[in-house]
Amino acid sequence: MRHTSAYILRPMCRRPASATLVGMPQIWEQGRPTRRQLIFDLACAAAFTVLIGLLYSTTGDAQMVAVVVLLGGALAVRRVSLPTMILLGLAAAAMQFAHPEWTLQLAVADVAYAALFFMLGAHRRLAVRRFGLVAAGVGCSALLLWMATLAGIGGSTKEHVFAAVAVTAMAALVCVGGWVGGYLRLQRRRSIQAELDRVEQRRLAESYEHELQRSRVAADMHDIVAHSWAVVAAQADGARYALQANPDATERALEVIAETARSTIADLRTILAELRDKDAEHSTPGYEQHDRLLHRMRLTGMVIHDRRTGEPPTSSLIALTAYRLLSESLTNALKHGDLQQPVRVDQDWTDGYRLRVRNVIGIPGDGTGQGIVGMMERASIAGGHLESHRVGDEWFVDAVIPDPQRSGVADAPNPKESATT
Numbered sequence: 188m189r190h191t192s193a194y195i196l197r198p199m200c201r202r203p204a205s206a207t208l209v210g211m212p213q214i215w216e217q218g219r220p221t222r223r224q225l226i227f228d229l230a231c232a233a234a235f236t237v238l239i240g241l242l243y244s245t246t247g248d249a250q251m252v253a254v255v256v257l258l259g260g261a262l263a264v265r266r267v268s269l270p271t272m273i274l275l276g277l278a279a280a281a282m283q284f285a286h287p288e289w290t291l292q293l294a295v296a297d298v299a300y301a302a303l304f305f306m307l308g309a310h311r312r313l314a315v316r317r318f319g320l321v322a323a324g325v326g327c328s329a330l331l332l333w334m335a336t337l338a339g340i341g342g343s344t345k346e347h348v349f350a351a352v353a354v355t356a357m358a359a360l361v362c363v364g365g366w367v368g369g370y371l372r373l374q375r376r377r378s379i380q381a382e383l384d385r386v387e388q389r390r391l392a393e394s395y396e397h398e399l400q401r402s403r404v405a406a407d408m409h410d411i412v413a414h415s416w417a418v419v420a421a422q423a424d425g426a427r428y429a430l431q432a433n434p435d436a437t438e439r440a441l442e443v444i445a446e447t448a449r450s451t452i453a454d455l456r457t458i459l460a461e462l463r464d465k466d467a468e469h470s471t472p473g474y475e476q477h478d479r480l481l482h483r484m485r486l487t488g489m490v491i492h493d494r495r496t497g498e499p500p501t502s503s504l505i506a507l508t509a510y511r512l513l514s515e516s517l518t519n520a521l522k523h524g525d526l527q528q529p530v531r532v533d534q535d536w537t538d539g540y541r542l543r544v545r546n547v548i549g550i551p552g553d554g555t556g557q558g559i560v561g562m563m564e565r566a567s568i569a570g571g572h573l574e575s576h577r578v579g580d581e582w583f584v585d586a587v588i589p590d591p592q593r594s595g596v597a598d599a600p601n602p603k604e605s606a607t608t
């Protein structure tokens, strides 16, 4: 019992604090483009500029070729610099507005606007998407007004009106259609990302449950083995000293050893069965086994003054925690306490479960304090807390496990109160 500091242990495992998976790569975010994407964009831009530029170079109009070059540049930088793409696209559109006679001639080159608006519609920022949709609407409306104005100046005819509507419809199909295509792609990728997040959350939850089970099994193994072998060692020493002088005491000691061994085997089988089938229901030590535990410890020569108050709750978690805390506390008293002095055990089930154990310290042993740490972990997992400390020549254990099904909550451990009881 060298572990003399009193502290509250936090739970060993915690669930993710929110639905956001910290550290998981957001694969659909528009960050730095990959090398393959850059090569693809440059190849498409070069092919567009060369092929369409050669097609329009035969007209002898350098400004028409300039429009193609501007659109090709916008295609080349669409993943690298969004503002540059927008400026190049606006410059090309302004030149086309200044030369309405190019409308039909540049119809092939205008397909590039679909790729530009696709990038705006697929962008992860809402402001960029809104800008793209507004730009498409304003551009198509301005084109319709401009075409209608030109038709009025030149003498409006049905053919002119039809041409203005047809050109505007084609522009809307290219611009708005490109934006919608990008937006649909964004929604699909967000749906895939959400599914990946759900899969990762399930994996983390399963990992949490697995680690929690491992911690609980490790604590059970420690409690069972430490308690059982402490009893066996005490009885074996007693039998060795009483072998010649008191054969009856030797026989009783051997009976306790045999009973302890059988109980340990049964507990270990339960744990191993639980490891094989985690969904199977296995019996856990409950309040009905407290008397058996106290009887077995008294057979080792311990004098135990036991006092109980209230009715035990129905929670199996509280029942198991109460049994393990009592078992470990008595085991520590057996290993490190003065067996000539009584061990006082006070169990209060009025609101949840409260355990107080007090014993006189004997000759210091070689304990590492892991048993006390395990008790604190077990109490923490059950939603409670435990303190263990030395006051004078006595050792105190004070644990509180609340029961959510009951209206009250047991009083928190108070070192001064424990030292005076």
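Quick note: the sequence shown uses our numbering, first residue 188, plus one each step. Virtual Cβ for every residue (Gly too), placed ideally from N, Cα, C. Keep in mind that this is a model prediction, so the values were computed, not measured.
Minimum C-alpha distance to M282 - residue among R541, H576, M251:
As a working mapping, residue 282 is identified with position 95 in the sequence shown. For M282, the nearest C-alpha among the options comes from M251.
Residues in its own chain within less than 7 Å of T236 by CB, not counting five upstream and five downstream?
Taking the sequence shown and counting its residues from 1, the one referred to as residue 236 is at position 49. Here the set comprises V255, V256, G259.
What beta strand (DSSP E) runs, 3 residues minimum, are completely inside the region 479-551?
Secondary structure within the region 479-551: the beta strand (DSSP E) runs of 3 or more consecutive residues, fully enclosed, are 491-496, 530-535, 540-547 (chain order).
Can you find the residues in the same chain that come closer than 8 Å, C-beta to C-beta, to V361, ignoring five residues on each side of it along the sequence?
Taking the sequence shown and counting its residues from 1, one reaches residue 361 at position 174. Correct list, in chain order: D297, V298, Y300, A301, F304.
Might you give, ordered along the chain, the residues of its own chain that have their beta carbon closer than 6 Å to the beta carbon of L371, omitting 5 neighbours on each side?
Position 184 of the sequence shown holds residue 371. Correct list: empty, nothing qualifies.
Can you tell which of G561, D590, H523, R541 has the C-alpha that lies nearest to the C-alpha of R577?
Numbered from 1 along the sequence shown, position 390 holds the residue referred to as residue 577. It is H523 whose Cα lies nearest to the Cα of R577.
Using the beta-carbon count (16 or more within 10 Å), is Q557 buried or exposed?
Walking along the sequence shown from the start, residue 557 turns up at place 370. It is exposed - the Cβ of Q557 has fewer than 16 other Cβ atoms within 10 Å.
Residues that DSSP places opposite S575 in a beta bridge
Working through the sequence shown from its first residue, we reach residue 575 at position 388. Note: S575 sits in a beta bridge opposite V584.
Tell me the residue span of the alpha helix (DSSP H) that contains G558.
The residue labelled residue 558 in the question sits at position 371 within the sequence shown. G558 -> alpha helix (DSSP H) spans 557-568.
Have a look at M357 and D384 and give me their C-alpha separation to the nearest angstrom.
The count along the sequence shown starts at 1 and reaches residue 357 at position 170. The count along the sequence shown starts at 1 and reaches residue 384 at position 197. One C-alpha to the other measures close to 40 Å.
Within the region 216-299, ranges of the alpha helix (DSSP H) (whole runs, at least 4 residues):
Secondary structure in the region 216-299: the alpha helix (DSSP H) runs of 4 residues or longer, each lying completely within the stretch, are 222-244, 249-263, 269-285 in chain order.
Look at the alpha carbon of V587 and the alpha carbon of T537, and state the distance between them as a whole number of angstroms.
What you label residue 587 is simply residue 400 of the sequence shown in a count that begins at 1. What you label residue 537 is simply residue 350 of the sequence shown in a count that begins at 1. Put simply, the backbone Cα of V587 is about 11 Å away from that of T537.
When E581, A506, E387 are compared against I548, the one with the closest alpha-carbon:
If you number the sequence shown from 1, residue 548 lands on position 361. Checked all of E581, A506, E387; the closest Cα to I548 is E581.
Around the Cβ of L512, are there at least 16 other Cβ atoms within 10 angstroms (buried) or fewer (exposed)?
Taking the sequence shown and counting its residues from 1, one reaches residue 512 at position 325. L512 should be labelled buried.
Based on Cα-Cα distance, which residue from V386, R265, R479 lies nearest to Q224?
Here residue 224 is taken as the residue at index 37 of the sequence shown, counted from 1. Nearest Cα to Q224 within the set V386, R265, R479: R265.
C-beta contact flag for G544 and V560 at 7 Å
Here residue 544 refers to the residue found at position 357 of the sequence shown. Here residue 560 refers to the residue found at position 373 of the sequence shown. The question names Gly, but residue 544 is Val in the sequence shown. One thing to note: V544 has its Cβ no nearer than 7 Å to the Cβ of V560.
Assuming contact is defined by CB atoms lying nearer than 7 Å, are A263 and A232 in contact in what I supplied?
Reading the sequence shown from its first residue, position 76 is the one you call residue 263. Reading the sequence shown from its first residue, position 45 is the one you call residue 232. Yes; because the gap between Cβ atoms is below 7 Å, this pair is in contact.
Does DSSP put D384 in a helix, in a strand, or in coil?
Within the sequence shown, the letter at position 197 stands for residue 384. For D384, the secondary structure class from DSSP, reduced to helix, strand or coil, is helix.
Q374 (DSSP reduced to helix, strand or coil):
Along the sequence shown, read from residue 1 onward, the residue named residue 374 stands at position 187. In the structure shown, Q374 sits in a helix (DSSP, three-state: H, G or I).
In whole angstroms, give me the CA-to-CA distance for G368 and A249.
The residue you call residue 368 lines up with position 181 of the sequence shown. The residue you call residue 249 lines up with position 62 of the sequence shown. Cα to Cα, the separation comes out at about 33 Å.
Label G326 either buried or exposed according to how many other C-beta atoms from any shown protein chain fall within 10 Å of its C-beta, with 16 as the threshold for buried.
Start at 1 with the first residue of the sequence shown, and residue 326 comes out as number 139. Residue environment: G326 is assigned as buried (16 or more neighbouring CB atoms within 10 Å of its CB, all protein chains considered).
What's the C-alpha gap between M306 and V348?
Against the sequence shown, residue 306 aligns to sequence position 119. Against the sequence shown, residue 348 aligns to sequence position 161. So the alpha carbons of these two residues sit roughly 32 Å apart.
Should S328 be labelled buried (16 or more other beta-carbon atoms within 10 Å of its own) or exposed?
Along the sequence shown, one-based indexing puts residue 328 at 141. Exposed, because fewer than 16 other Cβ atoms sit within 10 Å of the Cβ of S328.
If I measure Cβ to Cβ from S516 and keep anything under 6 Å in the same chain, skipping five residues before and after, which residues do I get?
Here residue 516 is taken as the residue at index 329 of the sequence shown, counted from 1. Cβ neighbours of S516 beyond the five flanking positions: V544, V584.
Please name the residue in L486, Y474, P591, A279 whose C-alpha comes closest to that of L542.
Here residue 542 corresponds to residue number 355 of the sequence shown, with the count starting at 1. Selected option, being the one with the closest Cα: Y474.
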